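S.K.: Here it is: the structure, laid out below.
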Amino acid sequence: MPERLFVCTPSKLGAYLDCPRRYRYSYVDRPVPPKGPPWAHNSLGASVHTALKNWYALPPERRAPAALPTLLKSTWVREGYRDVELERAAYRRALDWLETYVATLDPEDEPLGVERVVAAKTSVLALNGRADRIDARTGPEGPEAVIVDYKTGRTGLDADDARGSQALALYAYAAQRVFRRPCHRVELHHLPTGTVAAHEHTDESLARQVRRAEETATDIMAAEKAVAAGADPDEAFPTNPGSLCGWCDFRKVCPAGASVAAKEPWAAVEHLAG
């Protein structure tokens with residue numbers, strides 16, 4: 001019998017690459033082990049992403065900076081902040097980012113997709129993922145699609161980040177098949193700094209990223225089969241201890257993570273109050 005395709009998203013593959021044990025806690029163990037408290041930076045990112053999604057849902061004549069306060073308030077996620085003061089500071093900063101960013105956009109532009117799910121199959125993967133935005137642009141050889149990913153983290157990004165992102169490459173690979181047009185350019189739009197980090201993939205570089213994803217999927221399926229056959233889950237899904245442990249949702253239930261100092265839920269946004 002042929003092997004069943006591995007159904008996945010880029011974030012599912014990324015969880016395993018970051019730490020196989022975290023992957024197991026998220027996708028294999030049932031019930032899922034208890035998670036830690038929600039993170040303020042996730043709340044901030046979700047709020048900004050949804051506000052931009054709803055901005056594009058407006059008619060073009062209403063896509064103006066004046067619409068943003070209402071859009072952001074209606075999508076604001078309050079979880080994870082240390083106190084009301086920090087939450088308000090984060091809201092003001094997020095609104096500044098959004099107002100600066102949409103001023104660079106043409107309200108008449110209609111993307112191919114906003115928060116659009118794209119999917120593709122290979123001999124190993126049944127891949128799907130939700131891209132923040134997929135632009136329709138004109139390239140040297142005619143119409144093309146461009147993957148746009150919004151970022152709200154503190155650290156600036158560069159072309160190496162865009163080039164090395166497996167998620168962006170997989171979105172591009174799938175978008176080519178969904179929209180039946182070339183999709184090689186991927187962009188990281190960093191709202192706090194107003195910068196764009198971009199990379200132009202080739203068919204070969206996209207194929208390399210797909211092969212790496214297939215290799216990861218093969219490793220995951222082998223580990224899952226081993227556990228099903230009676231192997232020790234801790235050995236099949238080992239930990240990858242490091243700096244990410246302090247930010248892990250499962251730090252308290254993981255022996256390796258429990259030995260690392262926990263980050264406060266608001267640690268990544270505390271600087272916004274300055």
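For the sequence shown, the UniProt record's numbering assigns the number 1 to the initial residue and increments by one for each residue that follows.
Don't be surprised by glycine CBs; every beta carbon is placed ideally from N, CA and C.
No experiment lies behind these values; they were computed from the predicted model shown.
1. Of all the options ARG24, VAL118, VAL7, ALA172, which has the alpha carbon lying nearest to the alpha carbon of VAL248?
2. Measuring alpha carbon to alpha carbon, tell me which residue in LYS35, GLY113, ARG30 is nearest ASN54.
3. Which of the three DSSP states is assigned to GLY257 in this structure?
4. Using 8 Å as the threshold, is the C-beta distance between VAL186 and ILE147 below it?
5. Taking contact to mean at least 3 C-beta pairs separated by less than 8 Å, is the region 120 to 140 in contact with the region 71 to 78?
6. Do you know whose CA, among ALA145, TYR101, ASP18, lies nearest VAL178's CA?
7. How big is the Cα-Cα spacing for VAL118 and GLY156?
8. Quick check: the region 253 to 272 against the region 25 to 45, are there 3 or more CB pairs under 8 Å?
9. Hey, could you find the ends of the alpha helix (DSSP H) ARG62 is sitting in?
10. At the level of alpha carbons, what is the spacing between PRO140 and PRO182?
11. According to DSSP, is PHE6 part of a helix, a strand, or is it coil?
12. Using only CA atoms, which one of ASP29, LEU98, PRO238, LYS121 lies nearest to THR152?
13. Would you list the one or two residues that DSSP bridges to ALA120?
14. Going by other Cβ atoms of all chains shown within 10 Å of its Cβ, with 16 needed for buried, is PHE242 buried or exposed?
15. Can you find the residues in the same chain that come closer than 6 Å, C-beta to C-beta, to ILE220, ignoring five residues on each side of it along the sequence?
16. Have a look at VAL32, GLY36, ALA174, THR122 and flag the residue whose alpha-carbon is nearest the alpha-carbon of GLU264.
17. With DSSP as the reference, label PRO33 as helix, strand or coil.
18. If we ignore side chains and look at the alpha-carbon of each, how far apart do ASP234 and THR138 end up?
19. Taking its Cβ as the centre, do 16 or more other Cβ atoms sit within 10 Å of PRO20, making it buried, or is it exposed?
20. Rounded to a whole number of angstroms, what is the C-alpha to C-alpha distance between ALA136 and PRO111?
21. Within 10 angstroms of its Cβ, does LYS12 collect 16 or more other Cβ (buried), or is it exposed?
22. Under 8 Å by Cβ, that's how I've got VAL227 and CYS245 pegged, so tell me the actual separation to the nearest angstrom.
23. Where are the beta strand (DSSP E) runs, 3 residues long or more, that stay fully inside the region 102 to 188, in chain order?
24. By DSSP, does HIS190 sit in helix, in strand, or in coil?
25. DSSP on VAL48, reduced to helix/strand/coil?
26. Looking at the structure shown, is ALA197 part of a helix, part of a strand, or coil, going by DSSP?
27. Could you give the distance in angstroms between the alpha-carbon of PRO65 and the alpha-carbon of LEU58?
M.R.: On the basis of the data shown:
1. Sequence index remark: in the sequence shown, residue 248 carries index 248 (1-based). The residue you asked about is not Val; residue 248 is Cys in the sequence shown. Checking every option, the nearest Cα to that of CYS248 belongs to ARG24.
2. Indexing the sequence shown from 1 puts residue 54 at position 54. Ranking LYS35, GLY113, ARG30 by Cα distance to ASN54 puts GLY113 first.
3. Within the sequence shown, the letter at position 257 stands for residue 257. Helix at GLY257.
4. The sequence position of residue 186 within the sequence shown is 186, counting from 1. The sequence position of residue 147 within the sequence shown is 147, counting from 1. The answer is yes: Cβ separation under 8 Å.
5. Verdict: no, contact absent.
6. Counted from its first residue, the sequence shown places residue 178 at position 178. Cα-wise, what sits closest to VAL178 is ALA145.
7. Residue numbering aside, residue 118 sits at position 118 when the sequence shown is read from its first letter. Residue numbering aside, residue 156 sits at position 156 when the sequence shown is read from its first letter. Between VAL118 and GLY156, the C-alpha separation is close to 27 Å.
8. The answer is yes - the region 25 to 45 touches the region 253 to 272, with three or more Cβ pairs under 8 Å.
9. What you label residue 62 is simply residue 62 of the sequence shown in a count that begins at 1. No alpha helix (DSSP H) holds ARG62; DSSP gives it neither H nor E.
10. Here residue 140 refers to the residue found at position 140 of the sequence shown. Here residue 182 refers to the residue found at position 182 of the sequence shown. Roughly 11 Å between the two C-alpha positions.
11. Position 6 of the sequence shown, counted from the start, is the residue given in the question as residue 6. It is a strand residue.
12. As a position in the sequence shown, residue 152 is number 152, starting the count at 1. If we check each option's Cα against that of THR152, LEU98 comes out closest.
13. Residue 120 sits at position 120 when you count from the first residue of the sequence shown. LEU127, per the DSSP bridge assignment.
14. Locating residue 242 in the sequence shown gives position 242, where the first residue counts as 1. This sequence places Gly at residue 242; Phe is not what is there. With fewer than 16 Cβ atoms within 10 Å of its Cβ, GLY242 is classed as exposed.
15. Taking the sequence shown and counting its residues from 1, the one referred to as residue 220 is at position 220. Sequence-distant Cβ neighbours of ILE220 in its own chain, meaning closer than 6 Å and more than five residues away, are TYR16.
16. Numbered from 1 along the sequence shown, position 264 holds the residue referred to as residue 264. Of the listed residues, the one whose Cα sits closest to GLU264 is GLY36.
17. Within the sequence shown, residue 33 is the residue found at index 33, counting from 1. In the structure shown, PRO33 sits in coil (DSSP, three-state: anything other than H, G, I, E or B).
18. In the sequence shown, residue 234 corresponds to position 234, counting from 1. In the sequence shown, residue 138 corresponds to position 138, counting from 1. ASP234 and THR138: Cα-Cα distance of roughly 50 Å.
19. Indexing the sequence shown from 1 puts residue 20 at position 20. Its Cβ being crowded by 16 or more others within 10 Å, PRO20 is buried.
20. Translated into the one-based positions of the sequence shown, residue 136 becomes position 136. Translated into the one-based positions of the sequence shown, residue 111 becomes position 111. Those two C-alpha atoms are separated by around 6 Å.
21. Taking the sequence shown and counting its residues from 1, the one referred to as residue 12 is at position 12. With 16 or more other Cβ atoms within 10 Å, it is buried.
22. For this step, residue 227 is matched to residue 227 along the sequence shown. For this step, residue 245 is matched to residue 245 along the sequence shown. Actually they do not touch by this definition, with Cβ atoms about 22 Å apart.
23. 113 to 121, 125 to 139, 142 to 151
24. Counting from one through the sequence shown, the residue named residue 190 turns up at place 190. Correct three-state label for HIS190: strand.
25. Position 48 of the sequence shown, counted from the start, is the residue given in the question as residue 48. VAL48 falls in the helix class under three-state DSSP.
26. Start at 1 with the first residue of the sequence shown, and residue 197 comes out as number 197. In the structure shown, ALA197 sits in a strand (DSSP, three-state: E or B).
27. Here residue 65 is taken as the residue at index 65 of the sequence shown, counted from 1. Here residue 58 is taken as the residue at index 58 of the sequence shown, counted from 1. Those two C-alpha atoms are separated by around 12 Å.
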